[in-house]
Amino acid sequence: MGPVLAGVLQLLALIGALALAHIPLGNYMARVYSADRHWRIEKWIYRCVGANPDTQMRWPAYLRGVLAFSAVSVLFLYLLQRLQGVLPLSLGFKAIDPDQAFNTAVSFVTNTNWQSYYGEQAMGHVVQTAGLAVQNFVSASVGIAVAVALVRGFARSRTGELGNFWSDMVRGVTRILLPGAFVAAIVLVACGVIQNFSGIHEVGQFMGGSQQWNGGAVASQEAIKELGTNGGGYFNANSAHPFENPTPFTNLFEIFLLLVIPFSLTRTFGVMVGSVKQGYAILATMATIWVGFVALMMWTEFAHHGPALQIAGGAMEGKEVRFGVGSSSIFAVSTTLTSTGAVDSFHSSFTGLGGGITLLGMMLGEIAPGGTGSGLYGMLVMAIIAVFIAGLMVGRTPEYLGRKIGTREIKLAACYILVTPALVLVFTAAAMALPTPAHSMTNSGAHGFSEILYAYTSAANNNGSAFAGLNADTQWFNTTLGLAMVLGRFLPMVFVLALAGSLAEQQPVPVTAGTLRTEKPLFTGLLVGAILVITGLTYFPALALGPLAEGLAS
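Per numbering that gives the first Met the number 0, the very first residue in the sequence shown carries number 0; after that it's consecutive.
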């Protein structure tokens, strides 16, 4: 079997698995966020935090819950890292430096999981499990909660109430992420991923010296890392490390995990608004972009230019031999079109155009299918923009799901789509203009610029993957990337929740002959086009200086 055919068959198997999980998982999540009863363990959690789960919140109260919980989480994780030297099971590692502790705390709380450190050489078992792994659960659940609040904004009328943040967040952890991660961890352990609290030990002699490895609760963290679209690896090599991802099957299984909730949330959306066809329209948009990007990535990486690539069957630099070009391409596209950030290959070693595809995937806003929750609410905001554009074309007040898209709604949607590009471009320009940040680049020219652009794109979009050629463990990058993560996570949430509150206050508009049918393929095509045009107009000059220049020169 040739490498191209193997890659295509893996893609088809992945699509089949996602299709089988879509309806049952989507329906289950809709029931989770619509149920009236609370589990006993959930009631205990509510008593501990002093929250009343039955209190309905308007959008300012919902937002205060999100921000307060996230602020406490950042403080707890920061202190845990700073005190690592006196904690048990620290493996002898010292406390994390202040700037790096800030960067890491912000990174995991914002669901970014950017890492400027070597996991196996910096973090002990307590920080990894009680700190980082816990945030993998709760940060993912916060994203789903905000998405559900926006869906309620479409589903409810003549009320500003969006549900209860504490109830939504806790249910996301106890009823969705914990059970899913538990099953996934068992599968990973059965396939060879390690799960222990082993200390540091030597594994053999290499070139006259010894090599040391430490164990860890890797399978449990790997499961939620992918299922919650987090991405932070237990080891520096992330999902390219054999302890995290030992076989081609586990590689495909991990891709499935990072895609299954974001794709299934479109079914949840359709069920909760009372029209599954609307969910299918959003799903079709996400799937079209994802499949298109995978096909384009495979084409660029399988292109045989020169005898070395012909012998290897594609561009194998920076890729694991046990995965090959096809599986690595699927992983790279999936991790950058979601907010996962996990990698099973070095994106810096991809072809010039291949690296550009990973960049563009994040620049779209990671909405195809996006992160847990963030992908859905990002796509719904883009749907509002597309409806507005359609309304301008025909001279009619735009409507979406029975809600008029007026001045307030379009201003909030516009702010949402502008804030992340502003963060990316401003921080990238500052890093390139100042003398010190440029010293962190491994490469010069277009590829070096791509390293900087990729870093801030990854941070502001809460992705977390790296181009692998940038030394980001400096005070400048730890601080500025941390700021990009905070602003890139919570400013969009402000606009999303304000938009949800505005929609929930409206009275539904009846469907007429002139209403745009947003469940039809025509709207799906319009939405795909709007996404690509808006992203292209925003980022094309930056892409032209980096990956496009490199790709055309090669």
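All C-beta atoms in this analysis are idealised placements derived from N, C-alpha and C, irrespective of residue type, glycine included.
Assumed close pair ASN112, GLY463 - CB separation to whole angstroms, cut-off 8 Å
4 Å
Count the other CB atoms within 10 Å of the CB of ARG395; is the residue buried (16 or more) or exposed (fewer)?
exposed
What three-state label does DSSP hand ASN470 in the structure shown?
coil
So, is GLY273 buried or exposed, given that buried needs 16 or more other C-beta atoms within 10 angstroms?
exposed
Other residues of its chain near THR350: CB distance less than 8 Å, five sequence neighbours each side excluded:
THR299, GLU300, ALA302, ALA314, GLY550 and SER553
Taking the C-alpha atoms as reference points, what is the distance between LEU482 and ALA189?
40 Å
Locate the alpha helix (DSSP H) running through MET571, then write down its first and last residues.
What is shown of the chain runs 0 to 553, which leaves residue 571 out entirely.
Evaluate VAL65 with the Cβ neighbour count: other Cβ atoms within 10 Å of its Cβ, from every protein chain shown; 16 or more gives buried, anything less gives exposed.
buried
What do you reckon, are the CB atoms on LEU79 and ALA129 nearer than 9 Å?
yes
Given GLU408, which residues of its chain have a CB within under 8 Å of its CB, disregarding the five upstream and five downstream residues?
ILE383, ARG402, LEU498, SER501 and LEU502
Grouping DSSP H, G and I as helix and E and B as strand, with all else coil, what is GLN220?
helix
Measuring CB atoms only, is the segment 237–257 touching the segment 130–150, in the sense that at least three cross pairs come out at less than 8 Å?
no
ILE95, DSSP secondary structure in three states:
coil
Name the DSSP beta bridge partners of SER344, please?
LYS318
Do LEU411 and TYR61 have their C-beta atoms within less than 9 Å of each other?
no
Quick test of the definition: if touching needs 3 or more C-beta pairs under 8 Å, does the segment 460–480 touch the segment 337–346?
yes
Inter-residue spacing [alpha-carbon to alpha-carbon] between GLY15 and THR284
18 Å
Give the straight-line distance between the Cα atoms of VAL147 and THR335, rounded to the nearest whole angstrom.
23 Å
Skipping 5 residues on each side, what residues in its chain have a beta carbon closer than 6 Å to that of TYR117?
ASN235
Hey, LEU422 and THR534: beta-carbon distance below 9 Å or not?
no
Cutting at 6 Å between CB atoms, please list the residues of its own chain near ALA429, excluding the five before and the five after it.
none
My guess is that ASN477 and ASN102 are in contact by the Cβ rule of under 8 Å, so how many angstroms apart are they, rounded?
4 Å
Under the three-state reduction of DSSP, which class applies to GLN211: helix, strand or coil?
strand
ILE260 versus PRO434: straight-line alpha-carbon distance, rounded:
42 Å
Taking the alpha carbon of TYR233 as the reference point, which residue from HIS446, LEU264, VAL290 and SER115 has its own alpha carbon closest?
SER115
Sorted by chain position, which residues of the same chain lie with C-beta nearer than 7 Å to PHE153's C-beta, five sequence neighbours on each side aside?
VAL272, LEU400, ARG402 and LEU502
Meets three-Cβ-pair contact criterion under 8 Å: the segment 161–171 and the segment 276–295:
no
Starting from VAL188, follow the alpha helix (DSSP H) in both directions and report where the run begins and ends.
177–189
From ALA34 to ILE175, what distance separates their C-alpha atoms?
14 Å
Where does GLY519 fall in DSSP's three states?
Checking the sequence, you will find Lys at residue 519 rather than Gly. It is coil, neither helix nor strand.
Using 8 Å as the threshold, is the segment 164–172 in touch with the segment 49–57, meaning 3 or more CB pairs across them?
yes
Beta-carbon proximity list for SER263, same chain, < 7 Å, skipping 5 on both sides:
ALA20, HIS21, LEU24, GLY25 and MET28
Below 8 Å on the Cβ atoms is my guess for SER326 versus PRO247; work out the distance and round it to an integer in Å.
6 Å
In whole angstroms, what separates the C-alpha of VAL145 from that of GLY372?
7 Å
Local conformation of ASN440 per DSSP, three classes:
Note on residue identity: the sequence assigns Met, not Asn, to residue 440. DSSP places MET440 in strand when its eight states are reduced to three.
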